[in-house]
Amino acid sequence: MPGASSNIFDISKNIIVSAPAGSGKTEKLARRYIALLSAGVGPERILAITFTEKAAAEMKERILRILKTENPELYKTIIEKIFLMRISTIHSFCLGLLKRFAFELDLDPNFEIVDPKDSGLIENVLSFSFTRIIELKKEKGEDNMEVLREHLLELTSRYGWGKLKETVEKLFALRPATLVGRPKPLDISNFKKALFSAVTAIKELEYFRENYGDLLKEEAPEKIIYAVDTVKDLLLTTGGIPRKQPPRGLKLKITKEEYFTVNEKIFVLYNEAKRFAYNTELNRFYDIFIFCNAEYKKKKKELNVLDFNDLEYLTYDLLKNHEGVDNILFAFDEQTDHIFVDEFQDTNFLQWAIINKLTEEWRSGQGSKREGGITPTLFIVGDEKQSIFGFRSANVEVFETAAMEMQKWYGKDFIFQQVAENYRSGINIIDFVNRTFARIMQRGRLGPKWRTQYESFNAIRGITGKVELLETKKGENENQNEAENVAKRIGELVGKEDIYVRGADNREVKRKVKQGDIAILLRKRTHLADFEEALTKKKVDYVVVNGLGFYQQPEIIIIRALLFSLLEPSDDYNLYLLLKSRIFSVTDEQIFEMISREGLTFYDKIKANKKLKIILEHAALINDLPLSHILESFMEKTEGWKIFWEKQRAANIKKFIEIVQNFETRGDSFQDIRAYFEARVEKDEEPKANVNTEDTDVVKIMTVHTAKGLEFPVVFFVRMGEELRKDRDSIKINEGRESTGILYCPDRKIREQVDEFKELALKEEEEEKRIFYVAVTRARDLLVLSGVRDEKNKGFWKYL
DNA sequence: ATGTATGGGCTTTTT
DNA sequence: GCCCATACAT
């Protein structure tokens, strides 16, 4: 490989390769692997760990492809032993280990893996646990249960069942391994000072003494909060900050300055008191979580299932604490001489700890391997700048920590290799990336480990390449306009402009852009529909890769069923869906009973049912009111919003209604609307069948996360102007190496003053930069940065 | 000019 | 249910 250092071929060294986007990472892994094979190492003695199935498959494929052309003889031997190749994801590696040592772990070896979120298991456990906490009192009357019960009831009355569930569910992001992490209280050291200061200020002014005298009597934080809440309108704006103007109509006998000063002091006290209250609440949430987690564990045992976290934690536990660990490690050691880890920036500390354990024996020096002439090695490849799975608990800091630890362990037998070559993108794209990220990815000498330091790279491909800005003006329909601009630009490119692709003899050959060369990358899926619509209008073929399926969402299925029932009363199937839905919860027996009655259609038959009358009432309005109004009214009257209270679901329904409204304002007929939605469903299913058909000549739309590891001749990174909403969560889980901190503060204004929250916000921003980096480095020939832009330079624009 | 009330648009990423 | 832009009030 041109320009590649030969370091990676030194099979006696432990190596970390920092390989930026487009630097031929998979190639390097494959070359190293082949170097080992060529030196006579059997494939069964090499363990390669990746983080996705796709990456595992890619690595295997690359190894075989290189061998086939460059070393046909070795290829023949390997292909016979192909089933011995141990290339797998970390999860399937753990799975294998756990199955094998299931007996030692007291596990039923037939366990299955569940995604508790998808399967609704956690949701179930929470409902069950809450009920149990409330009922346990009667059964046992244990003291701690009594306390827990009181806390639960109190939290329920303040937040409601749903919100409480949501909050406790967030704590389930805590991984078992880090359960030792206790909630971290907010700093309340200023409370006394704030109290003193506020009381003094109130005492000094007659007006405040008269009106807020109650505050003087209170010292308990909860009471203070309550006292301020009752006079909130006089003190605070709707935004929750102290007023700079007294409310209208309030005649003050004091100056505005005096009002302002006292108000500010009460506000500070109010916030300090809130911190107290939040600390108490967090502990209660946590206690409830502990109870629910115990129930969750029981449930998993009962169902004989493990979740993804269990795979990692149990493996770690097996290797660290199990009494038979020596045998287990010995067995592993007997089989394994070399370990590869791919995409190392996506590891968390627990995964690193597992790798650590596996290689511990090698480092102790006296292993039997060296006596037998074998030098075991660890070969790690990754790129910190592409660490974008923080939400899945990947931790950028692992990369550097690992490098430092390996340096310590292996000394001169360790190599850290920084690759600077880029084989993917044209010169102008590389220039753009270098300039931009050298500026925005800087750590400085003493900067925190979660910041990444950008290292420039060199363009190896000789082609020029191009970066374009596609700016859409701010204004009405800006989002649709942007999508249309993108579609228009795609129209101009396809069949007209040139790109370069590698020909048979490895030379760059010029040819016209095809639809299939183009990818549209999005930060989030929210505005997907705009692009689908614009492309459809422009008659551009496309596929949404890994689409979540807006039209497959349960709430959309229901509201679509409603729409179809309104439009076409004889549509029994959609009426059936609607009745079965959570809005009506009609059972199959009831439906059967209704069907068996006399009448023309199913629709006629439900007339008798009181609960279902609401459908008919809305159907009657179809010629008098706009459809969108009818749908909205239906949601209100049936209290459908209560059923789909979750933000995402409610937003989905609103979006659906909005789409209907757009058609109506355009004057489309009922048939048109129905036809549109019918077509939508099929479109939705299509990508799922098509994901892996990379040859199909269609534009690919996907998220940046999905695009990781892929490359395209033409990349549109869209929605550049979308402001990234940071700091939304009142609960933050901060997973570190030793323990995990839980922070809780539902007040945004206070959060802005809490160091830990501030740091987490900065960490999130760093991850956004890395997402931007991943996005722009997917492009080979043309990178188009598109978005709504104004003088404020919001979203990703600010990085240019 | 500045602060406050109000209405409209929307609110991840996934092995 | 929350943020932001804008209209309105001081």
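Take 983 as the starting number for the first sequence in my numbering and just add one per residue.
Note that CB positions come from ideal geometry on N, CA and C, so glycine has one too.
A quick note: this is a predicted structure, and the numbers were derived from the prediction, not measured.
Item to check | Reduced DSSP category for Arg1701 - H, G, I as helix; E, B as strand; rest coil | outcome: coil
Checklist entry - Are the beta-carbon atoms of Ser1768 and Glu1464 separated by less than 8 Å? => result Result yes, Cβ atoms of Ser1768 and Glu1464 sit closer than 8 Å.
Checklist entry - Where in the segment 1237 to 1321 do unbroken runs of the alpha helix (DSSP H), each at least 4 residues long, occur, reported from the N-terminal end onward? => result Listed in chain order, they are 1238 to 1285, 1290 to 1302, 1307 to 1317.
Checklist entry - With Asp944 and Ala1001 assumed to form a contact (beta carbons below 8 Å), what rounded beta-carbon distance in angstroms separates them? => result The structure shown does not extend to residue 944, since the chain is modelled only from 983 through 1782, so no value can be given for it.
Next on the checklist: Can you list, in chain order, the residues of its chain with a C-beta nearer than 8 Å to that of Glu1086? Leave out the 5 residues immediately preceding and following it.
Outcome noted: Leu1300, His1304, Gly1306, Ile1310
Item to check | Extent of the continuous beta strand (DSSP E) to which Leu1782 belongs | outcome: Segment: none, Leu1782 is in no beta strand (DSSP E) and carries neither H nor E.
Next on the checklist: Given this structure, state the Cα-to-Cα distance separating Leu1517 from Glu1479, to the nearest angstrom.
Outcome noted: 19 Å
Checklist entry - Leaving out five residues before and five after Ile1732 in sequence, what residues of the same chain have Cβ atoms less than 6 Å from its Cβ? => result Asn1253
Item to check | Cβ neighbours of Met1067 in the same chain (closer than 7 Å, five flanking residues each side left out) | outcome: Pro1025, Lys1042
Checklist entry - With burial defined as no fewer than 16 other Cβ atoms inside 10 Å of the residue's Cβ, what is the status of Arg1771: buried or exposed? => result buried
Next on the checklist: Quick check on Ser1375: does DSSP put it in helix, strand or coil?
Outcome noted: coil
Next on the checklist: DSSP has Lys1682 in a bridge; who is on the other side?
Outcome noted: Ala1501, Val1525
Checklist entry - Which of helix, strand or coil does DSSP assign to Arg1719? => result Residue state for Arg1719 is assigned as coil, using DSSP reduced to three classes.
Checklist entry - Which stretch, first to last residue, makes up the alpha helix (DSSP H) that contains Asp1020? => result Contrary to the premise, residue 1020 reads as Ser rather than Asp in this sequence. Per DSSP, Ser1020 belongs to the alpha helix (DSSP H) from 1007 to 1020.
Checklist entry - Could you give the residue range of the alpha helix (DSSP H) that holds Leu1218? => result Neither: Leu1218 is in no alpha helix (DSSP H) and is coded neither H nor E.
Item to check | Helix, strand or coil at Tyr1726 [DSSP, three-state] | outcome: strand
Checklist entry - Could you check where the beta strand (DSSP E) with Val1449 kicks off and where it finishes? => result Following the DSSP letters along the chain, one finds Val1449 inside the beta strand (DSSP E) bounded by residues 1448 to 1455.
Next on the checklist: Here's the rule I'm using: 16 or more other beta-carbon atoms within 10 Å means buried, otherwise exposed. How should Gln1653 be labelled?
Outcome noted: exposed
Checklist entry - By Cβ distance below 6 Å, which residues in the same chain neighbour Ile1069 in space, the five residues on each side in sequence not counted? => result Ala1030, Ala1038, Met1041, Lys1042
Item to check | Thr1243 versus Glu1720, Lys1185, Asp1292, residue with shortest Cα-Cα distance | outcome: Lys1185
Next on the checklist: Which runs of the alpha helix (DSSP H) at least 4 residues long sit entirely within the segment 1372 to 1430? Give them in chain order.
Outcome noted: The qualifying runs are 1379 to 1392, 1409 to 1422.
Checklist entry - Counting pairs of Cβ atoms below 8 Å between the segment 1167 to 1184 and the segment 1741 to 1749, do you hit three or more? => result no
Checklist entry - Could you give the residue range of the alpha helix (DSSP H) that holds Phe1616? => result Unbroken alpha helix (DSSP H) run through Phe1616: 1609 to 1619.
Checklist entry - If you compare alpha carbons, which of Phe1331, Ala1402, Pro1358, Asn1330 is closest to Glu932? => result Residue 932 cannot be examined here, being either before or after the span of the chain that is shown, 983 to 1782.
Next on the checklist: I want to know whether the segment 1132 to 1150 touches the segment 1106 to 1113 - three or more CB-CB distances under 8 Å.
Outcome noted: Look at the beta carbons and you see the segment 1132 to 1150 touching the segment 1106 to 1113: at least three pairs across the two are nearer than 8 Å.
Checklist entry - So, are the CB atoms of Asn1716 and Glu1734 less than 8 Å apart? => result In this structure, Glu1734 does not lie closer than 8 Å to Asn1716 by Cβ.
Checklist entry - Is it true that the CB of Tyr1726 sits closer than 8 Å to the CB of Pro1165? => result yes
Checklist entry - Hey, out of Lys1050, Lys1010, Arg1047, Tyr1057, whose CA is closest to Gly1022's CA? => result Here the closest residue by C-alpha is Tyr1057.
Next on the checklist: Using the three-state DSSP reduction, which class does Asp1654 fall into: helix, strand or coil?
Outcome noted: helix
Checklist entry - Taking the alpha carbon of Thr1508 as the point to measure from, which residue in Glu1055, Thr1685, Thr1722 has its own alpha carbon closest? => result It is Thr1685 whose Cα lies nearest to the Cα of Thr1508.
Item to check | Three-state class that DSSP yields for Glu1086 in the structure shown | outcome: coil
Checklist entry - Are there 16 or more other CB atoms within 10 angstroms of the CB of Leu1530, so buried, or fewer, so exposed? => result With a pLDDT of only 48 at Leu1530, under 50, the local geometry of the prediction cannot be trusted, and the value read off the model is given with reservation. Exposure of Leu1530 is indicated by the presence of fewer than 16 other C-beta atoms within 10 angstroms of its C-beta.
Item to check | Secondary structure of Ile1635, DSSP reduced to three states | outcome: helix
Checklist entry - What separation, rounded to the nearest whole angstrom, lies between the Cα atoms of Lys1751 and Pro1430? => result 16 Å
Checklist entry - So, Lys1494 versus Gly1477, is the Cβ gap smaller than 8 Å? => result yes
Item to check | The alpha helix (DSSP H) enclosing Thr1059, as first and last residue numbers | outcome: 1054 to 1062
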